Structures are given as structure tokens and as C-alpha cells.
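Participant:
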Amino acid sequence: MVQIKGTSNYRESEGIISCQLTSLGFPAFIANEVTADPGILFIVLDPERRGDKRVFWRYLSPSFIRSIDFEKGSATIKLRPEDEIKNTDESIDQVYFPVMRKRCLMKTGL
7 MVQIKGTSNY RESEGIISCQ LTSLGFPAFI ANEVTADPGI LFIVLDPERR GDKRVFWRYL
67 SPSFIRSIDF EKGSATIKLR PEDEIKNTDE SIDQVYFPVM RKRCLMKTGL
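Numbered per our numbering, the sequence shown spans residues 7 to 116.
#1: Using a threshold of 9 angstroms, state whether the C-beta atoms of K59 and L47 are closer than that.
#2: Could you tell me the distance, in whole angstroms, from the CA atom of K92 to the CA atom of E18?
#3: Would a C-beta distance cut-off of 9 angstroms place I74 and R64 closer than the cut-off?
#4: Name, in chain order, the residues that DSSP records as bridge partners for L47.
#5: Can you tell me whether DSSP reads R17 as helix, strand or coil?
#6: Cα separation between F62 and A81?
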């Protein structure tokens, strides 16, 4: 499962980007409905700025999902430089498919 979110509402301090996830629908769906597949959230900073978009990714692991307080209705996500990827199909494939492969191998015990 993949979701792409765009935001211009973020802060950057000492290389760490903090952005507010104002809708928890996708993480809640992963937490409550998805048991076999991982979730990946792609976050696009400044999506309306042509050529200036920055793309980050976050694997919605069970521990990440457990860290969200769904009662609050929003969550702050911290993005680090290593979470940033190039805005190309190839870069997205390099993130998504290894995570999926690792998750599938873990489920099958290989």
C-alpha cells in the first residue's frame, strides 16, 4: 500500500524536517486493515513549486504505527536526509521493491 502526500507546511532545523500529518486515515487503514503488506508514505515537499519538489519516504512499520496517537488526529513526522529520494520513477522503485521483498521474505521465513 502506498500513499503520496504533498505539503508546504514543514520546518527544517539542523537537517531534520518536521511535517504535520494532518490526516491519519492512511496510517489507520494500515494499522486496522492491512496485516500482510507494508505501507509506504511518500511525502512531497512544496509540490506546487516546479523543479523544487523534494521527495521523502517513510515505511509504515508496525513500530511506527504504534507510535502514532490516533486520538490526537494528527502526527508529526521527522524526516532525515537519508529519507530523501530523487523525484524519479527509478528512485521510487528502488525504495518500494526492496521493502516489499524484505517484508515478503520475513513472512515466509526465508
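For glycine and all other residues, C-beta sits at the position ideal for the given N, C-alpha and C.
What you are looking at is a predicted structure, and each value in this text was computed from that prediction instead of being measured.
Facilitator: Let me lay it out:
#1: Using a Cβ distance threshold of 9 angstroms, K59 and L47 do not count as a contacting pair.
#2: Approximately 18 angstroms, taken between the alpha carbons.
#3: no
#4: Paired residue(s): Q9 and R64.
#5: Shown here, R17 sits in a strand according to DSSP, grouped into three states.
#6: Straight through space, the alpha carbons of A81 and F62 are spaced by roughly 16 angstroms.
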